[in-house]
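Colleague: Residue numbers for the sequence shown follow my numbering, beginning at 555 and rising by one. For every residue, glycine included, the Cβ atom is placed at its ideal position computed from N, Cα and C. Take this structure, written in structure tokens, and hold onto it; I'll ask about it next.
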Amino acid sequence: DDRGEFVAVAAPAGTELSLADGEETVSFVAPGGAVAVVTDPSAASNLTDLPVVAPGLDLANGGETVTLRVVGGDGDAAGNGVVADRLSYDRSREGALLERRDGAWSWWPRTLPRRNVTTHGPANATLFVLPDSPGRPIATLRAADERILLAGYVVSSARVADELVAARERGVQVEVLVEDSPVGGFPRRSARVLDRLVDAGVSVRVVGDPHSFHHPKYAVVDDAALVMTENWKPAGTGGKKSRGWGVVARSPAVAADLAATFETDASLPETASWETYRVGRSFVRTESANGSYPSRIAPEAFRVDRVAVLRAPDNAESAVVARLDAAERRIDVLQPSVEADGPFVRALKRAADRGVRVRLLLGSAWYDEEENRALAERLNEWADRTGSPLSVRLARPGDRYGAIHAKGVVADDTALVGSLNWNRHSARENREVVLALSDPAAAAYFREAFAADWRASGRGAEP
């Protein structure tokens, strides 16, 4: 249904403008500020709060190029006028807005409420790292008295399932959300876990569009929020492989905030019950991690000054970049991989340009190593050439962990912990959740954890 489609344009009052798509051209005088140029004013008024200007273009669902021109004195009938802006798209998405962010165009689904960053006051929090403390997520679930709202990419941990079933048996409300199309196929192990949960009376729903991937790793447990970088699987929360970070924030406000996100995703039009989803499905066999690692870094409890909830695709990209741009002393980043020309790496280079010490530790798993090594060499060469205090290393896990999966940042006195990968797809297409902990002690905890991994990955370190 194309009724209500529009093009939003902003220009000073009195500017003569034209829009053209190669087949037709419409002209109008800008009333000032942003307006929606529409073909059907009545329908468009129900979809945007902007003032409407008619007539508009009949936009092609299969994609086209739309050009905005400032009309000269001789008019624009022959395509005259200065090109002010231009956008191209390959294929439209039903019920979505095409928006420009960080100089690139991406689709925003209208069925998805847009949330701002929300900041909450002091909270008691327990910080931990994996694989050192696999008992911390389990203990958090075990403590539930009233509710567990667990959101993940995949859920395949038998230990996690044990806790969810036990919670349901003692009368706790238990609901689970997972991704409907994990990369590589839906794991057979996860299907068995979800079958068991449903048999025990747990509500399990599978999230599809409008998210490209439902990729967060969090749980609302009574009035606490557990947010991690790791999946609910043996390699992640089970402590069998991945280096990850996590936080349990005991805050009714943070818990309510994430519960609202959970309910939004659970009620999306393309979200289905597990019972409906699994009919006729085939599942793939996957290997389960079974490593064993020492517990070098113990969990610690803090009274955190402020906790902010960041979400993708809503606000996480701009919020993380803003935090990096505000850093004055030091930034430490732990990521499996990063987009070389993306907004996050550009922010790191800006920080180094102004004298902030930047350290970036990347994964060295076989599927990331070649690309990460090339990027590390390129960034380190740039730092040497410009005299900027930026350095990049590839992780050398040794016996500390199996591979980096964490997506963590420490910028001055703020630590960011969550599921956001440093690429535009994760930031603009996925559901991701990040907690920003603004507190010197919390930042110091994760900085020290980072520093241990950084030292172990230095030249001359044990492999």
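Near Pro823, which residues of its chain fall below 7 Å by C-beta distance, leaving aside the five closest residues on each side in sequence?
Modeller: Result list for Pro823: Thr665, in chain order.
Colleague: Would you check if the distance between the CB atom of Ala584 and the CB atom of Phe560 is smaller than 7 Å?
Modeller: No, Cβ-Cβ distance for Ala584 and Phe560 is not below 7 Å.
Colleague: Would you call the stretch 676–696 in contact with the stretch 787–807, where contact means no fewer than 3 C-beta pairs closer than 8 Å?
Modeller: Short answer: they touch.
Colleague: So Arg857 is in the beta strand (DSSP E); what residue range does that whole segment cover?
Modeller: From DSSP, the beta strand (DSSP E) with Arg857 extends over 854–858.
Colleague: Sorted by chain position, which residues of the same chain lie with C-beta nearer than 6 Å to Ala855's C-beta, five sequence neighbours on each side aside?
Modeller: Within the same chain, Ala855 has close Cβ partners Thr680.
Colleague: Could you tell me whether the Cβ atoms of Val838 and Asp886 are closer together than 7 Å?
Modeller: No.
Colleague: Per DSSP, what kind of secondary structure is His674 in: helix, strand or coil?
Modeller: Reduced to three states, the DSSP call for His674 is strand.
Colleague: Grab me the residues of Leu703's own chain with a C-beta within less than 7 Å of its C-beta, minus the 5 sequence neighbours each way, in chain order.
Modeller: Once the five neighbours on either side are set aside, the close Cβ partners of Leu703 are Glu729, Ala773, Val774, Ala813, Phe816.
Colleague: What would DSSP say about Ala960, mapped onto helix, strand or coil?
Modeller: Correct three-state label for Ala960: coil.
Colleague: Name the DSSP beta bridge partners of Asp886, please?
Modeller: Asp886 pairs with Arg913, Val964.
Colleague: In its own chain, which residues sit with a C-beta less than 8 Å from the C-beta of Arg750, not counting the 5 before and 5 after it?
Modeller: Same-chain partners within the cutoff: Ala715, Val719.
Colleague: Just reading off the alpha helix (DSSP H) that Ala1005 is part of, what are its end residues?
Modeller: Start and end: 994–1010.
Colleague: Please report how far the alpha carbon of Lys903 lies from the alpha carbon of Trp976, in whole angstroms.
Modeller: Using only the alpha carbons, I get a separation of about 14 Å.
Colleague: Beta carbon of Val760, beta carbon of Val726: below 7 Å?
Modeller: No, they are not a contact pair.
Colleague: Quick one: what does DSSP say Glu559 is sitting in, helix, strand or coil?
Modeller: It is coil, neither helix nor strand.
Colleague: Can you name the start and end residues of the beta strand (DSSP E) that Ser642 belongs to?
Modeller: Residues 636–643.
Colleague: At what residues does the alpha helix (DSSP H) containing Glu577 begin and finish?
Modeller: Here Glu577 belongs to no alpha helix (DSSP H), and DSSP marks it neither H nor E.
Colleague: At a cut of 8 Å, does the stretch 859–870 reach the stretch 986–993 through at least three beta carbon pairs?
Modeller: Segments in contact, yes.
Colleague: How is the alpha helix (DSSP H) around Glu723 delimited, first residue to last?
Modeller: From DSSP, the alpha helix (DSSP H) with Glu723 extends over 712–723.
Colleague: Give me the DSSP bridge partner(s) of Ile702.
Modeller: Ile702 pairs with Val728, Val775.
Colleague: Apart from the five residues just before and just after Ala598, which ones in its own chain have a Cβ nearer than 7 Å to its Cβ?
Modeller: Within the same chain, Ala598 has close Cβ partners Gly558, Phe560, Ala590, Val592, Val606.
Colleague: Suppose contacts are defined by Cβ-Cβ distances below 7 Å. Is Ala880 in contact with Ala981 by that definition?
Modeller: For Ala880 and Ala981, no; Cβs fall outside 7 Å.
Colleague: Considering only residues of the same chain and omitting the five flanking positions on each side of Glu578, which have a CB-CB separation below 8 Å?
Modeller: These residues qualify, in order along the chain: Leu611, Asp612.
Colleague: Starting from the Cα of Thr825, find the closest Cα among Gly790, Asp734, Asp603 and give me that residue.
Modeller: Cα-wise, what sits closest to Thr825 is Asp734.
Colleague: How many Å lie between Arg883 and Asn934 at the Cα?
Modeller: Between Arg883 and Asn934, the C-alpha separation is close to 19 Å.
Colleague: Taking 8 Å as the threshold, find out whether the stretch 950–964 comes into contact with the stretch 887–900 through three or more Cβ pairs.
Modeller: The stretch 950–964, when compared against the stretch 887–900, does touch it at the 8 Å Cβ threshold.
Colleague: DSSP has Leu812 in a bridge; who is on the other side?
Modeller: According to DSSP, Leu812 bridges with nothing at all.
Colleague: Among residues of its own chain, excluding the 5 on either side of Ala995, which ones have a beta-carbon nearer than 6 Å to its beta-carbon?
Modeller: For Ala995, where only same-chain residues beyond five positions count, the Cβ hits under 6 Å are Phe856.
Colleague: Mapping DSSP to helix, strand and coil, what is Ser1020?
Modeller: Residue 1020 lies beyond the residue range present for the chain, which begins at 555 and ends at 1017; the question has no answer from this structure.
Colleague: Which of the three DSSP states, helix, strand or coil, is assigned to Arg654?
Modeller: Three-state DSSP puts Arg654 in a strand.
Colleague: Within this structure, are the beta carbons of Lys794 and Asn844 separated by less than 7 Å?
Modeller: A contact, by the Cβ cut-off of 7 Å.
Colleague: Return helix, strand or coil for Gly629, following the three-state DSSP convention.
Modeller: At Gly629 the pLDDT is 46, less than 50, meaning the model places this residue with poor confidence; the figure from the coordinates comes in the next sentence. Correct three-state label for Gly629: coil.
Colleague: Could you please give me the residues that DSSP links to His768 through a beta bridge?
Modeller: BP columns for His768 point to Arg985.
Colleague: Starting from the C-beta of Ala779, find all residues in its chain whose C-beta is less than 6 Å away, skip the five residues before and the five after it, and write them out in chain order.
Modeller: Hits under 6 Å: Ala803, Val808, Ala809, Leu812.
Colleague: Considering Cα atoms alone, identify which of Asp966, Arg954, Arg913 is closest to Ala1010.
Modeller: Looking at the Cα atoms, Arg954 is the closest of the given residues.
Colleague: Measuring only the C-alpha atoms, how far is His938 from Ala930?
Modeller: It should be noted that the sequence gives Asp, not His, for residue 938. Looking at the two C-alpha atoms, the distance is approximately 12 Å.
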